[in-house]
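Asks:
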Amino acid sequence: GAGVSQTPSNKVTEKGKYVELRCDPISGHTALYWYRQSLGQGPEFLIYFQGTGAADDSGLPNDRFFAVRPEGSVSTLKIQRTERGDSAVYLCASSSLAGGRTGELFFGEGSRLTVL
Amino acid sequence: AQSVTQLDSQVPVFEEAPVELRCNYSSSVSVYLFWYVQYPNQGLQLLLKYLSGSTLVKGINGFEAEFNKSQTSFHLRKPSVHISDTAEYFCAVTLYGGSQGNLIFGKGTKLSVKP
């Protein structure tokens, strides 16, 4: 597709369950980012991939959160033992290498996670 | 640590009126500055950015912003708004030479343009 695609668009789960969120970046973009946007807040950085490797995971809140990008394209954000405080919109973005250096990120529409 | 403050959470304005959305930042080192816009049911998209050079930067859809280093501000302006400008606007910074793509966003300003 032409833009960043995220699935599912909405996910409702129960506390303690495991969740996976998927991101398909713009074709050719080597850099991929995950952000989290809680209600009434701006997006917060979680992790950045360059190719297959996580170049910066300083934003992951704790070890329940993990992300992979095994083939350097699609990425999956994994959340174990979900808590109600994990409820948020999870945003994925991608960029070229040059674009990422100057902040030009292309965002998807997000996956809204609700933990009951 | 860096931070971004957007002083207005909501800004209602009539069509064809001018608008200014305010943004202040805090940083002890040089930063790049951005405005992103999120239209209803769409992803965030870059409106404009300041990297260096002229302090007045122009973006898409007739928006512009001015970097003021002494006041640590990067206010967004448009001389005449349209109904289609109704959206949420986010100011963001990243460290010059810092981790790629690690943007620090403000809480956003919802611009509502009324006919």
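Going down the list, the sequences are from chains E and C. Oh and the first sequence: position 69 is 69 in this note's numbering, straight run, nothing missing. Add 1000 to a position in the second sequence, counting from 1, and you land on the number used in this note's numbering. For glycine and all other residues, C-beta sits at the position ideal for the given N, C-alpha and C.
Would you call the stretch 1001-1009 of chain C and the stretch 1020-1038 of chain C in contact, with 3 or more CB pairs under 8 Å?
Replies: yes
Asks: Sort out for me which residues DSSP pairs T1005(C) with in a bridge.
Replies: Taking the second sequence and counting its residues from 1, one reaches residue 1005(C) at position 5. Per DSSP, N1024(C).
Asks: Whose Cβ in chain C lies nearer than 8 Å to the Cβ of R101(E)?
Replies: The sequence position of residue 101(E) within the first sequence is 101, counting from 1. Within 8 Å Cβ-Cβ: Q1100.
Asks: Could you tell me if N1102(C) is buried or exposed, where buried requires 16 or more neighbouring beta carbons within 10 angstroms of its beta carbon?
Replies: Here residue 1102(C) corresponds to residue number 102 of the second sequence, with the count starting at 1. The residue is buried, with at least 16 neighbouring Cβ atoms inside 10 Å.
Asks: To which residues does DSSP link F106(E) through a beta bridge?
Replies: Translated into positions along the first sequence, residue 106(E) becomes position 106. Looking at the DSSP assignment, F106(E) forms a beta bridge with S94(E).
Asks: Give a yes or no on contact between the stretch 1084-1100 of chain C and the stretch 1034-1042 of chain C, applying the rule of three or more CB pairs nearer than 8 Å.
Replies: yes
Asks: Examine the Cβ distances between the stretch 1044-1063 of chain C and the stretch 68-88 of chain E and report whether three or more of them are shorter than 8 Å.
Replies: no
Asks: Helix, strand or coil for R84(E) per DSSP?
Replies: Here the question's residue 84(E) lines up with position 84 in the first sequence. Looking at R84(E) - three-state DSSP - the assignment turns out to be helix.
Asks: On a Cα-Cα basis, can you pick out the residue from T102(E), P70(E) and R36(E) that is closest to C92(E)?
Replies: Within the first sequence, residue 92(E) is the residue found at index 92, counting from 1. If we check each option's Cα against that of C92(E), R36(E) comes out closest.
Asks: Can you have a look at L113(E) and say buried or exposed, based on whether 16 or more other CB atoms are within 10 angstroms of its CB?
Replies: One-based indexing of the first sequence puts residue 113(E) at position 113. Per the 10 Å Cβ criterion, buried.
Asks: If distances are taken between C-alpha atoms only, which option among F66(E), T30(E), L39(E) and N62(E) comes closest to Q50(E)?
Replies: Looking up residue 50(E) in the first sequence gives position 50. For the residues F66(E), T30(E), L39(E) and N62(E), the minimum Cα distance to Q50(E) belongs to T30(E).
Asks: State the start and end residues of the unbroken beta strand (DSSP E) segment that holds L60(E).
Replies: Working through the first sequence from its first residue, we reach residue 60(E) at position 60. Careful: L60(E) lies outside any beta strand (DSSP E) and carries neither H nor E.
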